[in-house]
Amino acid sequence: MTTGVIRITNDPTSSCKFSLTGTVTGLSAGNHGFHIHNYGDLSQDCFTAGDHYNPFSLDHGALTDENKHLGDLGNIKADNQGVAVVQICDSQLSLSGKYSVLGRTIVVHKDPDDLGRGAESSKTTGNSGARLACCIIGTGTLPSSSSRTSTMSYLFFVYFFLGINQIKMYLC
1 MTTGVIRITN DPTSSCKFSL TGTVTGLSAG NHGFHIHNYG DLSQDCFTAG DHYNPFSLDH
61 GALTDENKHL GDLGNIKADN QGVAVVQICD SQLSLSGKYS VLGRTIVVHK DPDDLGRGAE
121 SSKTTGNSGA RLACCIIGTG TLPSSSSRTS TMSYLFFVYF FLGINQIKMY LC
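Numbering of the sequence shown is given in the UniProt record's numbering, commencing with residue 1 and proceeding in unit increments.
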């Protein structure tokens, strides 16, 4: 089963305005497409999450491409034990405003994302294959800690990747 915990930090004063950090386990070794999808709907597992979040109708691309779906996060790489450490920084995403990703779904895919560099279907999906696990992006609060700075007061989390047919949510 594919599971994990991802924390999202949205701090407009930081050099990394929007960051995703955490781990995903239970993957096959290698790269796996990692995207934000349109809908926070898991009524039929990850299949009702819709397409990649793409409010500007652009082609699929790499995280670092200027023109890409907002939901294109590239690949996460699992080691030989099936563990992927997630450390993604993005300047276009936000948890507030007109193009907020709050309430949308993060999906981990079976195959590597070709970053829009492949055949025609690559321009919409990155040819990243089946949906292995997903979660809805939600909000939460961190316990007080003297190690946290006041600039990190605007924190949000993605909570738990759901294995297919496994409905659970945990806060970091």
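We treat Cβ as the ideally placed atom computed from N, Cα and C, and that holds for glycine. Quick caveat, the model's predicted, so the values are computed rather than measured.
Reduced DSSP category for residue i - H, G, I as helix; E, B as strand; rest coil
i, result
"I6", "strand"
"T124", "helix"
"N138", "The amino acid occupying residue 138 in the given sequence is Gly; Asn does not appear at that position. Note: G138 maps to strand in three-state DSSP."
Host beta strand (DSSP E) of residue i (start-end)
i, result
"S128", "S128 -> no beta strand (DSSP E), and no H or E assigned at all."
"S43", "43-46"
"P21", "Note that residue 21 is Thr in the sequence shown here, rather than Pro. 18-25 is the span of the beta strand (DSSP E), which, as asked, contains T21."
"D90", "84-90"
"T105", "105-109"
Under 9 Å between C-beta atoms of residue i and residue j
i, j, result
"L95", "T139", "yes"
"V107", "R131", "yes"
"I76", "V5", "no"
"N54", "H32", "no"
"T124", "D41", "no"
"A49", "H60", "no"
"A133", "C46", "yes"
"R104", "G74", "no"
"H109", "G129", "yes"
"A62", "L27", "no"
"G97", "H35", "no"
One or two residues paired with residue i in a DSSP bridge
i, result
"N31", "K77"
"D72", "H35"
"H52", "H37"
Are the stretch 15-27 and the stretch 112-126 in contact at 8 Å, needing three or more beta carbon pairs?
-> no
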